[in-house]
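Q:
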Amino acid sequence: MSEGLAIRPSSVTRWDCVALGEVMLRFDPEFGRVREARRFRVWEGGGEYNVARAMRKCFGLRAAVVTALPDSELGRLTEDLIQTSGVDTSHVRWRRFDGVGRSGRVGLNFTEKGYGGRAALGCVDRGHSAAAQMRPGEIDWDALFGREGVRWFHTGGIFAGLSSDTAAVAREAVQAARRCGTVVSYDLNFRASLWKDRGGAEAARAVNRAIAPFVDVMIGNQEDFVSRLGLDVVLPHPGATQFDPENGEAILSAATTAYPGLRVAATTLRDARTAGFNDWGGLLWAGGEIYRARPRRDLEIYDRMGGGDAFASGLAWAFLTGRGPQAAVDCGVAHGALAMTSPGDVSTASADEVLDAVLPWPEPAG
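Take 1 as the starting number for the sequence shown in UniProt numbering and just add one per residue.
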């Protein structure tokens, strides 16, 4: 047990990590603009999936994804990319393709990196995706979490925001994971475009609040914690940037007070000075204590997309390998920093590189 997290041993489980979420195709114009691009690089990616992928590709653990894809050429391309990463696809639900995608398609994500004063920009085309049409009752969660066995289950607000059905699937999944003794992590990840015609931030709060009682590890940025959980918290420095550690500490304390079932809560700290230079850090609450990672000032960014997912996977890996809460926030921040030095949503780092990138706290003077 690590700071209240009862993690099942690998000897009695098939999977170290399973993620529930949509896997999209990312089209990257590199440093150009989507509106003028004639050539794209293509990756797979998704807020929840990226965590499972890092567990397998970066950290060498056993990982699987639960999602749905159409049985089309784009669906099979997505499958091939997932399999290349080493993530298991045996729990992918395949949908009959109707020839045009009315009944289910692969979501597409066109992402600009940004440059200098031009911020990164995501342009999504994901309506009617196969994953968005997943429904409660179609996944045998007790077989996955019980008979197969899972140590860590990850999902989040992006998948829950795809439709009212996926919100119900996410809740069904976290309840089953809790019954079977699997650690549940949930990234609040708010995407305004998903909620625009479905009640906005208020509707997202209702969904997150219904899921939160079944979560062990809650992750998000400061705005997500305050606005997407609706916490009653007075911030020490109202209007401060997302990098303010005192605000972060107050927010995590409020979250764990509101949801006493949480064993860990963690937030990233970021001040995006330009597209290419950010201040970057993180905080973690566990066992009544706040743990800080040493911040990176003026971190040089190549592609900021996926930094938060890398933070989540680095944190989870540290706990799964028995390293404890300080190492968890240190590894989360280090992995996030590394992920933002390479193109695509997914990390290309290794476990050794993550450990080498952890910044030690300076020794006290004298």
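Think of the CB as a built atom: it goes at the ideal place given N, C-alpha and C, for glycine as much as any other residue.
On the CB-based measure, 16 or more other CB atoms within 10 Å of its CB, does Val42 come out buried or exposed?
A: exposed
Q: Between which two residues does the beta strand (DSSP E) carrying Leu5 extend?
A: That residue, Leu5, is in no beta strand (DSSP E); it is neither H nor E in DSSP.
Q: Quick check on the DSSP output: the beta strand (DSSP E) that includes Ala63 runs from which residue to which?
A: 63 to 70
Q: May I ask you to report which of helix, strand or coil DSSP gives Thr267?
A: strand
Q: Gly149 and Thr13 - do their beta-carbons sit closer together than 8 Å?
A: Contact flag set, yes.
Q: For Ala6, collect the residues of the same chain with a Cβ closer than 6 Å to its Cβ; drop the 5 residues on either side in sequence, then sort them by chain order.
A: Taken in chain order, the list of residues that qualify is empty.
Q: Over what stretch of residues does the beta strand (DSSP E) that includes Ser185 continue unbroken?
A: Here the beta strand (DSSP E) through Ser185 covers 183 to 187.
Q: Under a three-way DSSP split, which group does residue 378 fall into?
A: Given that the chain is displayed from residue 1 to residue 366, the structure contains no residue 378 and the question cannot be resolved.
Q: So, helix, strand or coil for His335, using DSSP?
A: helix
Q: In terms of DSSP beta bridges, what is Leu235 paired with?
A: In DSSP, Leu235 forms no bridge with anything.
Q: Using a Cβ distance threshold of 8 Å, determine whether the segment 105 to 114 contacts the segment 82 to 93, with at least three qualifying pairs required.
A: no
Q: Which class does Gly32 belong to by DSSP, given the choice of helix, strand or coil?
A: The three-state secondary structure of Gly32, taken from DSSP, is coil.
Q: At which residues does the beta strand (DSSP E) containing Asp16 begin and terminate?
A: 15 to 20
Q: Which value, in whole angstroms, describes the spacing of the CA atoms of Trp280 and Glu289?
A: 21 Å
Q: Which same chain residues end up closer than 8 Å to Leu115 when comparing Cβ atoms and leaving out the 5 residues on each side of it in sequence?
A: This sequence places Tyr at residue 115; Leu is not what is there. Contacts found: Phe31, Ala275, Gly276.
Q: DSSP state of Arg118, grouped into three classes?
A: strand
Q: Using a Cβ-Cβ cutoff of less than 7 Å, which residues in the same chain neighbour Gly282 once the five nearest sequence positions on both sides are dropped?
A: Ala266, Thr267, Thr268, Leu269, Ala293, Phe311, Val329, Gly332, Val333
Q: Would you mind sorting Tyr49 into buried or exposed? The rule is 16 or more other CB atoms within 10 Å of its CB.
A: By the 16-neighbour rule on beta-carbons within 10 angstroms, Tyr49 is buried.
Q: If you follow the alpha helix (DSSP H) that Ile82 is part of, which residue opens it and which one closes it?
A: Per DSSP, Ile82 belongs to the alpha helix (DSSP H) from 73 to 85.
Q: State yes or no: is the C-beta of Arg191 within less than 8 Å of the C-beta of Gly161?
A: yes
Q: Flag this pair as yes or no: are the beta carbons of Arg95 and His128 separated by less than 8 Å?
A: no
Q: If distances are taken between C-alpha atoms only, which option among Thr111, Thr89, Pro238, Gly75 comes closest to Ala63?
A: Thr89
Q: From what residue to what residue does the beta strand (DSSP E) around Tyr291 run?
A: 289 to 292
Q: Can you give me the Cβ contacts of Arg178 inside the same chain, cut-off strictly under 7 Å, excluding the 5 residues immediately before and after it?
A: Taking Arg178 as the centre and dropping the five residues before and after it, the same chain places the C-beta of Val184, Phe214 closer than 7 Å to its C-beta, in chain order.
Q: Mind checking who Asn278 pairs with in its DSSP beta bridge?
A: Ala272, Leu299
Q: Following the continuous beta strand (DSSP E) through Leu262, name the residue where it begins and the one where it ends.
A: Where Leu262 is concerned, there is no enclosing beta strand (DSSP E), given that its DSSP letter is neither H nor E.
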